[in-house]
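Shown next, in structure tokens, is the structure this report addresses.
There are 2 protein chains.
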Amino acid sequence: MSLKIGIVGFGSFGQFLAKTMIKQGHTLRATSRTDYSQLCHQMGIQFFRDVAEFLEADNHVILICTSILSLSKVLTSMPLTPLKTPTLFVDVLSVKEHPRDLLLRVLPEESDILCTHPMFGPDSGKDGWKDLTFVYDKVRIRDEAICSNFLQIFASEGCRMLQMSCEEHDKLAAKSQFITHTIGRTLAELDIKSTPIDTKGFQTLVQLKETTTRDSFDLYSGLFIHNRFAVQELENLERALQRVKEMLAQRMNEELGTENT
Amino acid sequence: MSLKIGIVGFGSFGQFLAKTMIKQGHTLRATSRTDYSQLCHQMGIQFFRDVAEFLEADNHVILICTSILSLSKVLTSMPLTPLKTPTLFVDVLSVKEHPRDLLLRVLPEESDILCTHPMFGPDSGKDGWKDLTFVYDKVRIRDEAICSNFLQIFASEGCRMLQMSCEEHDKLAAKSQFITHTIGRTLAELDIKSTPIDTKGFQTLVQLKETTTRDSFDLYSGLFIHNRFAVQELENLERALQRVKEMLAQRMNEELGTENT
Numbered sequence: 009m010s011l012k013i014g015i016v017g018f019g020s021f022g023q024f025l026a027k028t029m030i031k032q033g034h035t036l037r038a039t040s041r042t043d044y045s046q047l048c049h050q051m052g053i054q055f056f057r058d059v060a061e062f063l064e065a066d067n068h069v070i071l072i073c074t075s076i077l078s079l080s081k082v083l084t085s086m087p088l089t090p091l092k093t094p095t096l097f098v099d100v101l102s103v104k105e106h107p108r109d110l111l112l113r114v115l116p117e118e119s120d121i122l123c124t125h126p127m128f129g130p131d132s133g134k135d136g137w138k139d140l141t142f143v144y145d146k147v148r149i150r151d152e153a154i155c156s157n158f159l160q161i162f163a164s165e166g167c168r169m170l171q172m173s174c175e176e177h178d179k180l181a182a183k184s185q186f187i188t189h190t191i192g193r194t195l196a197e198l199d200i201k202s203t204p205i206d207t208k209g210f211q212t213l214v215q216l217k218e219t220t221t222r223d224s225f226d227l228y229s230g231l232f233i234h235n236r237f238a239v240q241e242l243e244n245l246e247r248a249l250q251r252v253k254e255m256l257a258q259r260m261n262e263e264l265g266t267e268n269t
Numbered sequence: 009m010s011l012k013i014g015i016v017g018f019g020s021f022g023q024f025l026a027k028t029m030i031k032q033g034h035t036l037r038a039t040s041r042t043d044y045s046q047l048c049h050q051m052g053i054q055f056f057r058d059v060a061e062f063l064e065a066d067n068h069v070i071l072i073c074t075s076i077l078s079l080s081k082v083l084t085s086m087p088l089t090p091l092k093t094p095t096l097f098v099d100v101l102s103v104k105e106h107p108r109d110l111l112l113r114v115l116p117e118e119s120d121i122l123c124t125h126p127m128f129g130p131d132s133g134k135d136g137w138k139d140l141t142f143v144y145d146k147v148r149i150r151d152e153a154i155c156s157n158f159l160q161i162f163a164s165e166g167c168r169m170l171q172m173s174c175e176e177h178d179k180l181a182a183k184s185q186f187i188t189h190t191i192g193r194t195l196a197e198l199d200i201k202s203t204p205i206d207t208k209g210f211q212t213l214v215q216l217k218e219t220t221t222r223d224s225f226d227l228y229s230g231l232f233i234h235n236r237f238a239v240q241e242l243e244n245l246e247r248a249l250q251r252v253k254e255m256l257a258q259r260m261n262e263e264l265g266t267e268n269t
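Residue numbers (our numbering), protein chains in the order written: chain A, 9 to 269; chain B, 9 to 269.
Structure representation (structure tokens):
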């Protein structure tokens, strides 16, 4: 079934998702704080400057593609009640408890909520979405048909569909994605650069620094501020580095001790 | 010209180098604190338990393949003077000023000294040495023919030959190899593990953790204790992580400030 999908926040990630949805035959419309009317015209998408009109455009799905940090402001500025028809709201943020809580708080009770995290983007998904992971949590679903139709967009592209609670997602993401971004940002602060004697391992770190800093600092802050498990992982990382330092100091003392005897 | 090469320290790295040298037609012999007579017998290498006999075996080259931490002990326990014939001493440690200084101090004045760092090992060099980097510094060379003959072992396998002072090597290695090992060890202390929602970046970190900890902690300590530039880089890394933490805290305060106004 062809869906009418309204995208809120038409930045690079929203555009990236829209392309595949159009290819699949869905009808897209968009609204954004920035005026994307020209780009939307080229893509064959109706662009609404007026959010109220956008909301009245009879969407099956409203897909929220804002940044983590702007979600709250964007949602509270939308005239969400009353909606003409029950709608499935979907978010695609890299943290999951925060949008779940906000959506549960601000949406009319008759709206369905699906929280998702496509674990890929314009870079990693440029050659298709096959085998890339799509995480989702059916937070409040009454209309199973629409929800399943929407999930089918990703399943039919070959995504690895992974149903997981928002809490479990955030726990795991703090240990993996957030730590990865923190290492990448730290290497950027350290200003590491390729040398004539790079080892293979060092080359992967230079690469990591580059991919991490291609994302905005706002994204990184969002991963920290709106994932309640991140602060502990940051502390764990600091402590791990401290322990390595202590182990080096201890080994050094042993060596000096040996040399002096 | 076929060289007679005596290896001091016949651990995995010495064995790894020996295989290619034998393949090229050189005559190998070895001595080590551990008894490798059986392995050497299988490889067609003469093994000497007695270091004095090893030194008298008329070697063109004595190739030192000990660990960084044991170099001093091994060298000072060898009856190095007088040597029957002038010999080229070569080391292959991952730090360069330390062996240079030690060799200059303990070797008879008539011995030549070549300090090298093959930037590869049994893992990265298992499919040949083509395009892998071989760093060297001609610390004290009078017999250019023997030295050039020895370097040819690596050049003829396709290594990228890189002449560089020991000091320059250690500066660059502290910024690259040492930092890489430190990140790998820190991730090991943090006990990172693959999750069902790994990003590509996180997968490279899990991989880095594994390759780093496959090397001994002694190697890592050696990179720190015997590279005078490493302590500063470790401090820089700590500070970089601190700055990232501060940037997050600042962004978080801004966000909370915005929400409260």
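By construction, the Cβ of each residue, glycine as well, lies at the ideal position given by its N, Cα and C atoms.
Start and end of the alpha helix (DSSP H) containing B/Ile30? From DSSP, the alpha helix (DSSP H) with B/Ile30 extends over 20-31.
Run through chain B and tell me which residues come within less than 7 Å of A/Val127, C-beta to C-beta. Rather than Val, the amino acid found at residue 127 of chain A in this sequence is Met. Chain B residues near A/Met127: Ile205, Thr207.
So, does the CB of B/Gly136 fall closer than 9 Å to a CB anywhere in chain A? By this cut-off, B/Gly136 is not an interface position.
Starting from A/Phe232, find everything on chain B with Cβ-Cβ shorter than 9 Å and list it in chain order. Result: Leu256, Arg259, Met260.
Going by DSSP, which residues form a beta bridge with B/His234? Answer is none; B/His234 lacks a bridge partner.
Could you please give the first and the last residue of the uninterrupted alpha helix (DSSP H) stretch that includes A/Thr211? The sequence shown places Gln at residue 211 of chain A, not Thr. That run of the alpha helix (DSSP H) goes 208-222.
A/Ile13 (DSSP reduced to helix, strand or coil): Looking at A/Ile13 - three-state DSSP - the assignment turns out to be strand.
Our contact map puts B/Ala182 next to B/Ala238 with C-beta atoms below 8 Å; I'd like the distance itself, whole angstroms only. The beta-carbon distance between B/Ala182 and B/Ala238, rounded to whole angstroms, is 5 Å. This is short enough to meet the 8 Å contact definition.
Enumerate in chain order the residues of its own chain whose CB-to-CB distance from A/Ala163 is below 6 Å, with the five nearest sequence positions on each side excluded. Listed in chain order, the non-local C-beta contacts of A/Ala163 below 6 Å within the same chain comprise Met169, local neighbours out to five positions each way being set aside.
Reference B/Leu112; option with closest CA among B/Gly133, B/Lys92, B/Gly129, B/Leu88: The candidate whose alpha carbon is nearest that of B/Leu112 is B/Leu88.
I want to verify the contact list: residues of chain B whose CB lies under 7 Å from the CB of A/Thr221, in sequence order. Those within 7 Å of A/Thr221 in chain B number zero; the least Cβ separation is about 12 Å.
Ignoring anything shorter than 3 residues or poking outside the segment 137-210 of chain B, list the beta strand (DSSP E) runs there in chain order. Runs of the beta strand (DSSP E) lying entirely within the segment 137-210 of chain B and spanning at least 3 residues, in chain order: 141-148, 168-171.
Nearest-angstrom Cα distance between A/Asp120 and A/Tyr144? Going from the Cα of A/Asp120 to the Cα of A/Tyr144 covers about 14 Å.
Below 8 Å, can you find three or more Cβ-Cβ pairs linking the segment 253-260 of chain B to the segment 221-229 of chain A? They touch, by the three-pair rule.
In the structure shown, what three-state DSSP assignment does B/Thr84 receive? Helix, per DSSP.
Tell me the residue span of the alpha helix (DSSP H) that contains B/Val59. Per DSSP, B/Val59 is one residue of the alpha helix (DSSP H) stretching across 59-63.
Is there a C-beta anywhere in chain B that falls below 9 Å from the one on A/Val252? Interface residue, yes.
Out of A/Ile154, A/Leu140, A/Gly192, A/Gly136, which one is the CA nearest neighbour of A/Lys31? Nearest in C-alpha terms to A/Lys31, of all of A/Ile154, A/Leu140, A/Gly192, A/Gly136, is A/Gly136.
Where do the ends of the beta strand (DSSP E) carrying A/Pro126 lie? Its beta strand (DSSP E) spans residues 120-126.
Could you tell me whether any Cβ in chain B is nearer than 9 Å to the Cβ of A/Phe225? By this cut-off, A/Phe225 is an interface position.
Should the segment 58-71 of chain A be called in touch with the segment 12-23 of chain A, which here means at least 3 C-beta pairs below 8 Å? Remark: three or more beta-carbon pairs, one from each stretch, lie closer than 8 Å, so the segment 58-71 of chain A and the segment 12-23 of chain A are flagged as touching.
Status (buried if at least 16 other CB within 10 Å, exposed otherwise) for A/Glu241: Flag for A/Glu241 reads buried.
Assuming contact is defined by CB atoms lying nearer than 9 Å, are A/Val82 and A/Gly17 in contact in what I supplied? Yes; because the gap between Cβ atoms is below 9 Å, this pair is in contact.
Under the three-state DSSP convention, the category B/Leu249 falls into: Looking at B/Leu249 - three-state DSSP - the assignment turns out to be helix.
Partners in chain A for B/Ala248, counting only beta-carbon separations shorter than 7 Å: Within 7 Å Cβ-Cβ: Thr194, Glu197, Leu198.
So what's A/Val114 in DSSP terms, helix, strand or just coil? If DSSP states are grouped into helix, strand and coil, A/Val114 belongs with the helices.
Closer than 7 Å by beta-carbon distance: list the chain A residues that pair up with B/Thr74, in chain order. Those do not exist, as B/Thr74 stays about 14 Å from chain A at its closest Cβ, beyond 7 Å.
Neighbour list for B/His177 in chain A, Cβ cutoff strictly below 8 Å: Correct list: Ile205.
Does A/Thr190 pass the burial test, meaning 16 or more other C-beta atoms within 10 Å, or should it be called exposed? Residue burial is scored here from C-beta neighbours: A/Thr190 has at least 16 other C-beta atoms within 10 angstroms and is therefore classed as buried.
Quick one: give me the first and last residue of the alpha helix (DSSP H) that B/Leu47 is part of. Per DSSP, B/Leu47 belongs to the alpha helix (DSSP H) from 45-51.
Check the Cβ-Cβ distances between B/Lys183 and every residue of chain A, and say whether any is below 9 Å. At least one chain A Cβ lies under 9 Å of B/Lys183.
Residue range of the unbroken beta strand (DSSP E) whose run includes A/Thr74: Premise fails: A/Thr74 is in no beta strand (DSSP E) and is neither H nor E.
Would you say B/Tyr44 lies against chain A (beta-carbon separation less than 9 Å)? No, its Cβ sits nowhere closer than 9 Å to a Cβ of chain A.
Are the C-beta atoms of A/Thr188 and some chain B residue less than 9 Å apart? Output row for A/Thr188: interface = yes.
Leaving aside the five residues before and after B/Leu96 along the sequence, list all residues of the same chain whose C-beta is less than 7 Å from its C-beta, in chain order. Same-chain partners within the cutoff: His68, Val69, Asp120, Leu122, Asp151, Ile154, Cys155, Phe158.
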